[in-house]
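Reviewing the structure listed below.
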Amino acid sequence: MREPVRRLPTPGTARDPVVRMLDSMADAFLALDASSTVVYLNRAAERLLGTGPGAVGRNLWEVWPALVEAGHDRVFEAAVEMVETRVLTTYLAAEARWFQLRVVPADDGSGSLSVFGTDITAARTAELEQERGLARPEQARRVLAYTAALAQADSLQDVTDTVATMVLPAFGATGMLVALVESGRLRLSGHFGYQQSAVELLEVLNLDRQTAIGQVVATREPLFLPSRAGYISLFPEMEPLIEATGKQAWAFLPLTVSGRALGSLTISFSEVHEFPPEERSLLASVSGLVAQTLALARLRDSERSLAAELQSHLLPRALPQPAGITTRAHYLPATDGMGVGGDWFDVLELPGNRIGLVIGDVQGHNMKAAAVMGQLRNALRAYAAEGHEPAAVLSRTNRLMSDLDPSLFATCCYVALDPLSGRADLTLAGHPGPLLRSADGRVRQLEGPVGPPLGVAPEEEYSTAQVVLGVNDVLVFFTDGLIEDSRRSFDDGLAEVVRYLAGGAVEDLDRLTDGLVASAVEGASRSDDIAVLVVRHDGHPRAARAARDFIAGFLADPDSAELRDTCV
């Protein structure tokens, strides 16, 4: 349906009755020229815009910027381009009233428009009331769903991801910010849906002063801003940042637990967005759930940090590199739980120029397991330093483990290696033997008498097996986290590691070690930590020098002439 724009008379002409008729209308009416300049508005439109007759001669988008912020200017452009009436609904936040606008283009191709505005607040309120009644069961369902999802969140990043994937789509939101109080100051701690340039501005901004985020934390009251105009009117100094975010509406929600302010959650929208009462109530419920989850997540994060710090002090900071061997190691905590466990490795310089190679695993993935691991590691180092053979070292460590904590046990593999001869003495306490990758690429698992785990049978005496390593042979010690996970059995995992080792280049142990771990953890959630110790037998320099000296002496000795001729 097309409704042509008429050229309007000025007051005092013969057609004043037209003006009087328009002024008497309950609906607002505006006439615009092709450049969107207001050429006429009736008294209802003057009241609607709050400008009086001074709007005449000004651009509509200047007089009514909220239309641009809501993207309604595109509706006006479409009406002119298609030469057809368009209808839109908009909300005036300042007056809390809804209006329906009919945008009617002139049919003469001039690009001028007639705009009719009808107050539909009563009808829209009735609709919202009806929707609210229908929405209450849905609202309860959503809260339960959010509660279940957030209950699985174990870290700040988990909380951010859950809100981004579940909460934002439900409200039509496109962005979120989490700001938390740290050391007495508000700091941006998580974000989603923001350009990096805007994030960088937020990270350096003093959020405590003259910001919406700081206000809701200080007052512990939510703040809902349906448009940019409302935001800028309250916080004019924030205008550059508001523009940089690209957002159009915001819900600033305090995060409080037991009356204590943790920070704030900001939900943002790419379009102007009204916040009806039921939505505000649901958002308040969400912020309460997020606050409780964040409080627990921060506690767990602190525990994990403390545990990781403890673990880093219990494991070797740097491995020794004795003559004749090259060593590398890699440790990864489990992704489940506290991120700390009882896996350990060690390289010891022993009496008689031998090298001790150790890997072990204390039962459990918690602070207790890590503490026991630290005690076992120190005890084993002490027994080994006394010069005991591997079987005796583990027998003594076993008795100590029984005294430390009868409720725990540990597995351990200990090898004493002589780099000069290549002889390796192997003792196992419930732990899988290391993999031997020969210089020719063959891979096999070393076997020997397997005694019980440490702490299970206090009087157990362990046994030793021997193997001789060739030059460039590689030993790979591991805990079961490398081999076994939710995707595969121990045997399947071991077969994968064997295949990887057979094709790996032993010249670069860093690459070999990192590749072993990367291939094991790819796409898997790890309930167990991983420790890997890789040792290459390079051949002791003294052995090569002794061989050269022997040959030189042999060739120079006149008494060896007959034997030398026979050899030749």
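Read the sequence shown against my numbering and you will find it ends at 577, with the numbers running on by one and no gaps.
No residue lacks a Cβ here, since even glycine has one placed at the ideal position from N, Cα and C.
Worksheet item: In this structure, what does DSSP give as the bridge partners for residue 233?
Response: DSSP, once it has assigned bridges, lists 260 as partnering residue 233.
Worksheet item: Do three or more CB pairs link the region 269 to 289 to the region 78 to 97 at distances below 8 Å?
Response: These segments touch.
Practice prompt. Tell me whether residue 188 is buried or exposed, calling it buried when 16 or more other Cβ atoms sit within 10 Å of its Cβ.
Written response: A residue is called buried once 16 or more other Cβ atoms fall within 10 Å of its Cβ, and residue 188 is buried on that count.
Item to complete: Could you check if residue 322 is buried or exposed, using at least 16 other CB atoms within 10 Å of its CB as the buried criterion?
Response: Classification of residue 322: exposed, given that the 10 Å Cβ count is below 16.
Worksheet item: With residue 259 and residue 243 assumed to form a contact (beta carbons below 8 Å), what rounded beta-carbon distance in angstroms separates them?
Response: About 11 Å separates the two Cβ atoms, so there is no contact after all.
Discussion item. By the three-class DSSP mapping on this structure, what secondary structure does residue 539 have?
Written reply: Strand at residue 539.
Discussion item. What does the Cβ neighbour count give for residue 288, buried or exposed, with the cut at 16 atoms within 10 Å?
Written reply: Here residue 288 is buried. Its C-beta has 16 or more other C-beta atoms within 10 Å.
Discussion item. Starting from residue 351, trace the beta strand (DSSP E) in both directions and tell me its first and last residue.
Written reply: Annotation: the continuous beta strand (DSSP E) that includes residue 351 extends over 351 to 358.
Discussion item. Checking 8 Å against the spacing of the C-beta atoms, do residue 372 and residue 378 come in under that value?
Written reply: Yes, the pair counts as a contact, with Cβ atoms nearer than the cut-off.
Worksheet item: Which residue from 410, 364, 216 puts its Cα closest to that of residue 382?
Response: Comparing alpha-carbon positions, the option among 410, 364, 216 lying closest to residue 382 turns out to be 410.
Worksheet item: Mind checking residue 185: buried by the 16 CB within 10 Å criterion, or exposed?
Response: Buried is the call here.
Practice prompt. Using a threshold of 8 Å, state whether the C-beta atoms of residue 542 and residue 452 are closer than that.
Written response: No.
Worksheet item: Which word fits residue 219, buried or exposed, when buried means at least 16 other C-beta atoms lie within 10 angstroms of its C-beta?
Response: Exposed: under 16 other Cβ atoms inside 10 Å.
Worksheet item: Between residue 547 and residue 195, what straight-line distance do the alpha-carbon atoms span, to the nearest angstrom?
Response: A straight-line Cα-Cα distance of about 55 Å links residue 547 and residue 195.
Worksheet item: So what does DSSP say about residue 106, is it helix, strand or coil?
Response: Looking at residue 106 - three-state DSSP - the assignment turns out to be strand.
Worksheet item: How big is the Cα-Cα spacing for residue 121 and residue 86?
Response: Cα atoms of residue 121 and residue 86: separation of roughly 11 Å, rounded to the nearest angstrom.
Discussion item. Contact defined as beta carbons within less than 8 Å: I believe residue 444 pairs with residue 454. What is the distance between those atoms, to the nearest angstrom?
Written reply: Contact between residue 444 and residue 454 holds, with the beta-carbon distance rounding to 5 Å and staying under 8 Å.
Fill in: Classification of residue 245 by the beta-carbon crowding that lies within 10 angstroms, buried from 16 upward
Residue 245 counts as exposed, since fewer than 16 other beta carbons sit within 10 angstroms of its beta carbon.
Worksheet entry | For residue 200, three-class secondary structure by DSSP | In the three-state scheme derived from DSSP, where H, G and I count as helix and E and B as strand, residue 200 is classed as strand.
Discussion item. What residue range does the beta strand (DSSP E) around residue 511 cover?
Written reply: Counting along the chain, residue 511 sits inside no beta strand (DSSP E); it lies in the alpha helix (DSSP H) bounded by residues 499 to 512.
Worksheet item: Between the C-alpha atoms of residue 419 and residue 375, what's the straight-line distance to the nearest angstrom?
Response: Cα to Cα, the separation comes out at about 14 Å.
Worksheet item: Hey, how far is the Cα of residue 526 from the Cα of residue 457?
Response: When rounded, the distance between both Cα atoms is 25 Å.
Worksheet item: So what's residue 365 in DSSP terms, helix, strand or just coil?
Response: Strand at residue 365.
Discussion item. I'd like the span of the alpha helix (DSSP H) that includes residue 400, first residue to last.
Written reply: In this chain, the alpha helix (DSSP H) harbouring residue 400 covers 399 to 413.
Discussion item. What does the Cβ neighbour count give for residue 257, buried or exposed, with the cut at 16 atoms within 10 Å?
Written reply: With 16 or more Cβ atoms within 10 Å of its Cβ, residue 257 is classed as buried.
Worksheet item: So, do the region 299 to 307 and the region 325 to 335 have three or more beta carbon pairs nearer to each other than 8 Å?
Response: The region 299 to 307 is not in contact with the region 325 to 335.
Worksheet item: Who pairs with residue 454 in a beta bridge, going by DSSP?
Response: Paired residue(s): 444.
Fill in: Contact set for residue 41: own chain, Cβ-Cβ below 7 Å, skip 5 residues either direction
Taken in chain order, the residues that qualify are 47, 48, 69, 121, 122, 124.
Practice prompt. Closer than 6 Å by C-beta to residue 468: which residues in its own chain qualify, once you throw out the five before and the five after it? Chain order, please.
Written response: Nothing meets the Cβ criterion.
Worksheet item: Are the beta-carbon atoms of residue 399 and residue 355 separated by less than 8 Å?
Response: With contacts defined by Cβ atoms closer than 8 Å, residue 399 and residue 355 do not form a contacting pair.
Fill in: Residue from 475, 72, 417, 440 with nearest C-alpha to residue 1
Because the chain here runs from 10 to 577, residue 1 falls outside it and cannot be looked at.
Item to complete: State the Cα-Cα distance for the pair residue 64 and residue 75, rounded to the nearest angstrom.
Response: One C-alpha to the other measures close to 15 Å.
Worksheet entry | Same chain only: Cβ atoms within 6 Å of residue 175, ignoring 5 sequence neighbours per side | Excluding positions up to five away in sequence, the list reads 158.
Discussion item. Let's see if you can read the secondary structure: which residues bound the beta strand (DSSP E) around residue 276?
Written reply: In the DSSP assignment, residue 276 falls within the unbroken beta strand (DSSP E) covering 269 to 278.
Worksheet item: If residue 198 sits next to residue 165, beta carbons under 8 Å apart, how far is it from one beta carbon to the other, in whole angstroms?
Response: About 6 Å separates the beta carbons of residue 198 and residue 165, which is inside the 8 Å limit, making them a contact pair.
Discussion item. Restricting to Cα atoms, I'd like to know which of 272, 237, 50 is closest to residue 28.
Written reply: Measuring from the Cα of residue 28, the nearest candidate turns out to be 50.
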